[in-house]
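This report refers to the structure that appears directly beneath it.
Residue numbers (the UniProt record's numbering): 1 to 398.
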């Protein structure tokens, strides 16, 4: 099950639809706007990222911890729990799941330091047993499903410049292959030689997708494919390298058009022959056609891929509403700059600029929002609107 996504608990239990995600946020939407709730999802992904970096954990652990966090809040609400405490428990559990365990004491010490210095959180418990107890509650809400598939390997599988996994490795031990059938894995078919800079951009985009609900809604291979697509259409260098193949005469025959027929010699009888029509396109359009051919041959729904791509760009637009000083802001600035460069390419189609008239939230503002939500919920539970009014001086009858 750990090597087969389709038989894993990830696919069978933790791929949900948009309606399920929206339903999970119903209680939070009573105390905050939809935009604020969405910003909290991005904010706590950044919190997990900073804590993991403080603990020197790999990106795989960061991704797994973020997935655990989002799975937990499919069944809980931000206002009903302490998300900072849950985030620390997710990091501790993810380190175990990814076979890079860290000591519980280190998690508590670093969490108290990061949360206090960066976000002004002073109430994180110093008792180690509290976090150990929270780990069991987290495991219970996750139904003890700790297997998480990430899009990173799927990204590598799409790139022709990287070596493929040979038969007999990664869960294919003992697999029988029919000798009379076509073999596609290991042959380079279905792959594309993507520019190294575009692959790096796609990798960064995959890292950023964990700040949205995509990991709960779509399989990892679709997220990887959409990330490659977004990287290709936003990375100007990739389009220029593709255009170099078609810039010989600046006149490019369209795909599938045959060679113009040779006219008959003068002594031969005149025969009416039909000459294939020759159409032309610009280098940018020809390069884009090559990309379209690649994605069209992947046997996936292009409509779904386009939808995921749009959600990725919407996530970046929402993320720009958070003013922070982390390294992630540099990455988003690089993505925004590449979008502007791509829009300036002749024949290119830019995605457009992010709206700058939106309200910008600082990280302390988001901390205040989550505290306000928790206080409003506690007040409502203490004084429910359906409760019966009672006089202040009323005494119980003996």
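Glycine residues also receive a C-beta, built at the ideal position from the N, C-alpha and C atoms.
Only a predicted model underlies this, so the values are computations on that prediction, with no experimental measurement involved.
For residue 86 and residue 374, the gap between their C-alpha atoms comes out near 15 Å. Contact between residue 293 and residue 221 is ruled out by a C-beta separation of about 19 Å, above the 8 Å threshold.
Pairing residue 141 with residue 72 gives a Cβ-Cβ distance under 7 Å.
Per DSSP, the beta bridge partners of residue 323 are 362.
Sixteen is the threshold: since fewer than 16 other Cβ atoms of the shown chains lie within 10 Å of the Cβ of residue 299, the residue is exposed. Taking a contact as a CB-CB distance under 8 Å, the pair residue 118 and residue 61 does not count as one, their CB atoms being some 19 Å apart. Check the Cα spacing between residue 42 and each of 209, 13, 94: the tightest is with 209. Around the beta-carbon of residue 39, 16 or more other beta-carbon atoms lie within 10 Å, marking it buried. Considering only 35, 28, 21, 7, the residue with the shortest C-alpha distance to residue 317 is 35. Given a length threshold of 4 residues, each whole run of the alpha helix (DSSP H) inside the UniProt domain "Cyclin-like" (46–140) is given here in chain order: 59–72, 83–97, 104–119. Between residue 224 and residue 158, the beta carbon gap of about 7 Å places them in contact (Cβ cut-off 8 Å).
Residue 380 sits in a helix when the DSSP states are folded into three classes.
Around the Cβ of residue 12, a 10 Å sphere holds fewer than 16 other Cβ atoms; the residue is exposed. The closest CA to that of residue 138, considering only 124, 22, 103, 92, is found on 92. Spatial neighbours of residue 121 in its own chain (CB-CB distance under 8 Å, excluding positions within 5 residues in sequence) are listed in chain order as 84, 115, 367. For residue 16, the closest C-alpha among the options 314, 27, 217, 30 is that of 217. By the neighbour-count definition (other C-beta atoms within 10 Å, threshold 16), residue 133 is an exposed residue. Residue state for residue 142 is assigned as coil, using DSSP reduced to three classes.
Close CB contacts of residue 213 within its chain, under the 6 Å cut and outside five residues either way in sequence, are with 21 (chain order).
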